[in-house]
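So in the numbering used here, the last spot in the sequence shown is 851, and the numbers never skip.
Yeah, the Cβ is synthetic: ideal placement off N, Cα and C, and Gly gets one too.
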Amino acid sequence: MQTITELLAQELNCRQEYIANVIALLDEGNTIPFIARYRKEQHGAMDDTTLRTLETRLQYLRNLAQRREEVKSSIEAQEKLTDELAKAIDEAKTLAEVEDLYRPYKPKRRTRATIAKEKGLEPLADAIFAQRRGDDPLRLAQAYVSEEKGVPDAQTAVQLAQDILAEQISDDAAIRASLRALYRRTGMLRAVAAKEGESVYAQYADYREPVLRAAGHRVLAINRGEREEWLKVAVECDDEQALQIICRAVIEPGSACCDVVRAAAKDAWGRLISPSLEREIRNELTDKANEGAIRVFGDNLHQLLMQPPIRGKVTLGVDPGFRTGCKLAVVDETGKVLETGVGYFTLPNHEAQKPRAKAQILGMIRRHGVTAIAIGNGTASRESEQFIAALLPEAPGVAYVIVSEAGASVYSASKLAAKEFPEYDVSLRSAVSIARRMQDPLAELVKIDPKAIGVGQYQHDMPQKRLDDALNGVVEDCVNAVGVDINTASPSLLQRVAGLNGTTAKNVVTYREENGVFTSRAQIKKVPKLGPKAFQQCAGFLRVPESKSVLDNTAVHPESYDAAKALLELTGYTLADVKAERIADLPQRLKVCGEEKAAEAVGVGVPTLRDIVAELLKPGRDVRDELPKPILRTDVLEMKDLKPGMELTGTVRNVIDFGVFVDIGVHQDGLVHISQVADKFIRHPSEVVSVGDIVKVVVLEVDEKKKRISLSMRQASHKERG
């Protein structure tokens with residue numbers, strides 16, 4: 130039997146040595162970001178995603194091993210564990226296989242079969258199942274007739290024995306495995322309308338699709354329709370084929386008992402096996418759909434969090450509103466609030482106040498040198514955008530961006546800012562959040578529950594713990610990939626750093642407030658409850674720009690400082706050269722030395738050496754700066770302005786199984802169906818495009834009444850080539 134390490138190495142196509150090292154590192158309490166970044170030599174430079182897959186699979190396999198032992202112990206306690214059965218349990222590759230083997234020995238609630246056994250009919254069932262030539266079931270049953278036991282005649286005895294046989298057949302692991310394979314191979318997912326009336330599930334009112342081809346988003350839609358009682362759903366399987374499989378396994382031709390066994394097989398299929406396997410297949414489809422949706426959500430969230438910040442701009446945040454007006458907040462380049470206010474310009478009865486609101490906004494722009502405006506995408510955003518766009522000619526050099534937020538996510542972020550701005554109401558705090566969201570998406574979005582950000586599909590239908598684990602992993606990976614300025618980061622951001630948690634993050638901020646800014650990484654060790662292990666995990670991801678050592682503002686881990694200095698000495702440089710960015714030809718000098726020789730000389734592996742070089746070349750770098758910036762607009766469009774054939778530039782807001790939603794600046798995202806994403810066949814839009822990408826699209830169709838916009842990326846690419 131393969132060990133867990135051998136199995137993982139095979140599944141991940143990786144050396145056993147690397148798998149063993151990762152398992153040891155995880156068991157020692159190391160975090161995924163730390164392992165991925167600072168232990169590359171031990172695992173062959175696996176990325177965060179692969180390491181998280183390994184961690185999840187490791188947990189499953191350990192649970193499987195534990196369940197195997199529990200099942201064997203239970204069967205052994207019944208004195209029914211044979212060497213053959215123990216071997217089969219040990220070789221079971223899934224929890225489902227283990228449970229199939231355990232089924233005959235698992236304590237059951239009172240069933241028809243247990244009632245028959247209580248009447249003493251198990252020996253009769255065994256005799257009938259033996260199907261010996263010359264045996265007649267009714268004659269065999271005569272010995273079991275007992276008025277006292279509730280078996281008045283031979284026919285009743287045979288029927289009760291048949292109940293026992295039906296359960297035995299249902300519990301047969303080999304039969305269930307064959308029928309499960311039949312369901313997976315030939316099963317049909319079927320949905321029909323459960324009631325009359327208009328609903329969003331109309332396309333599934335008479336739907337049938339092979340289980341093998343059922344797309345995840347359709348499975349989730351059907352499940353929701355069933356929960357909302359619009360649909361009745363089933364997985365259909367060929368009864369005749371199923372009965373043939375069972376009968377081939379249990380029928381011994383030539384005996385009068387065959388008919389009873391055949392009847393038991395039919396009963397086992399219809400009453401016991403089929404309903405059970407149908408639930409199992411439905412669960413498999415749902416689990417697969419959930420995992421696919423969680424993966425898409427995670428990919429989209431990663432792209433959104435990693436959108437490049439718009440640096441160096443004094444920003445006016447506008448939280449649109451009607452009756453209570455639009456909340457306004459100006460923040461400087463660092464996010465510090467400079468001025469707040471409320472403007473009334475979105476309702477018809479605001480006409481008299483619009484000149485005042487215009488003067489108010491232009492005054493804020495001129496007083497503080499505002500160069501960017503961030504408008505929240507929500508209630509009254511269209512009216513706000515129109516008003517802002519109309520006054521931009523009087524504020525040259527200023528552009529605006531629509532900050533896309535889902536539901537109350539801006540308000541979720543603003544609630545977390547209550548301690549920072551106790552004097553502001555929720556709306557004013559959300560105006561601040563909008564502005565900061567444009568300046569640094571990651572720093573603001575980490576304040577929000579990832580599920581509320583709205584870049585997935587059916588997120589409320591997902592298993593919430595699994596979704597939370599996956600999305601929190603994405604947030605953690607993004608935060609640690611970018612790095613965090615320990616002297617400006619909020620507790621929300623700090624607690625996402627590897628090795629830190631809610632308590633130590635708050636302690637970092639408290640220490641900073643009481644002692645002033647951190648001036649070295651070593652000083653982090655003084656934070657209460659932040660011990661040596663936590664420091665080892667977090668140090669490389671925390672930046673200290675105020676430190677005298679330039680290395681403290683890079684992703685070089687303190688444990689590699691000596692190696693970095695030795696490398697500089699080897700190539701003729703100093704830390705002063707790094708700080709002044711005078712080491713552009715470091716790679717060329719290193720090439721002369723030879724990477725492997727240099728790595729050996731400074732005492733690190735080649736992967737770590739390469740990481741050190743990258744950090745020394747760009748101290749304090751932000752990996753997001755290499756990505757395309759969001760679109761800043763100076764004009765405004767409405768749906769009525771759109772015409773088929775128009776070519777526009779937009780920002781990808783969401784990527785889901787059946788297409789891509791693109792913001793083209795009309796407050797209603799357009800849909801690029803998967804068939805219009807690319808010329809070539811693709812299984813998923815994420816093969817071509819990601820959240821935050823800037824794309825060219827062609828308008829195909831506009832339905833103002835239903836607020837639907839159909840777009841094509843494929844036709845836009847044709848125009849470019851043409």
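Within a 10 Å sphere around the beta-carbon of S804 sit fewer than 16 other beta-carbons, which makes this residue exposed. The C-beta separation of T475 from A509 comes to about 4 angstroms, placing the pair in contact by the 8 angstroms criterion. Under the DSSP assignment, A206 falls in the alpha helix (DSSP H) whose first and last residues are D177 to A206. The criterion of a C-beta distance shorter than 8 angstroms is satisfied by A524 and I494. Counting other Cβ atoms within 10 Å of its Cβ, H589 stays below 16 and is therefore classed as exposed.
Taking one beta carbon from each stretch, the stretch 441 to 455 and the stretch 555 to 567 have 3 or more pairs nearer than 8 angstroms; the two touch.
For K594, no pairing in a beta bridge is given by DSSP. With the rule of 3 Cβ pairs closer than 8 angstroms, the stretch 791 to 803 counts as touching the stretch 828 to 844.
Around the beta-carbon of N192, fewer than 16 other beta-carbon atoms lie within 10 Å, marking it exposed. Restricted to the stretch 686 to 756, the alpha helix (DSSP H) segments that are unbroken, complete and at least 4 residues in length are 690 to 699, 704 to 708, 715 to 722, 724 to 731 and 735 to 746, listed in chain order. Straight-line measurement puts the Cα of R595 at about 29 angstroms from the Cα of Y336. Assigned with DSSP and collapsed to three states, M317 falls in strand.
Counting C-beta atoms within 10 angstroms of its own C-beta, K654 has fewer than 16 neighbours from the protein chains shown and is therefore classed as exposed. When the beta-carbon positions are compared, V321 and A331 stay at least 8 angstroms from each other. Nearest neighbour of E605 by Cα position, chosen from P162, R411, K772 and P437, turns out to be P162. When DSSP states are grouped into helix, strand and coil, A174 belongs to the coil group. Assigned with DSSP and collapsed to three states, E381 falls in coil, not helix or strand. Boundaries of the alpha helix (DSSP H) harbouring R485: K483 to H497, taken from the DSSP string.
Distance from the CA atom of D255 to the CA atom of D229, rounded to whole angstroms, is 21 angstroms. Each residue's CA atom was taken as its position, placing T648 and T182 some 37 angstroms apart. Residue pairing of R337 in beta bridges, as defined by DSSP: R319. The alpha-carbon separation between R558 and L311 amounts to approximately 58 angstroms.
Taking each of I152, G427, E480 and A692 in turn and checking the Cα distance to E512, the smallest one comes out for E480. According to the DSSP assignment, D832 belongs to the beta strand (DSSP E) that extends over I823 to D832. Within the same chain, and ignoring the five residues on either side of K324 in sequence, no residue has its Cβ closer than 6 angstroms to its Cβ.
The beta carbon of V685 sits closer than 8 angstroms to the beta carbons of G669, A693, D740, I741, E744 and L745 from its chain, once the five residues preceding and following it are set aside; these are given in chain order. C-alpha of S846 to C-alpha of V530: approximately 25 angstroms in a straight line. Under the three-state reduction of DSSP, S819 is assigned to coil, being neither helix nor strand.
Straight across, the Cα-Cα distance linking R424 with K417 is about 11 angstroms.
When secondary structure is reduced to three states using DSSP, L289 falls in the helix class. Beta-bridge analysis with DSSP links F790 to N783 and L800. Annotation: A634 to R672 spans about 14 angstroms, alpha carbon to alpha carbon. Its chain contains M768 and K769 as the residues whose beta carbon lies nearer than 8 angstroms to that of E833, once the 5 sequence neighbours on both sides are disregarded; these appear in chain order.
D578 counts as exposed, since fewer than 16 other C-beta atoms from the protein chains shown sit within 10 angstroms of its C-beta. Here DSSP, grouped into helix, strand and coil, assigns T778 to strand. Taking C-beta atoms as the reference points, N506 and H796 count as a pair closer than 8 angstroms.
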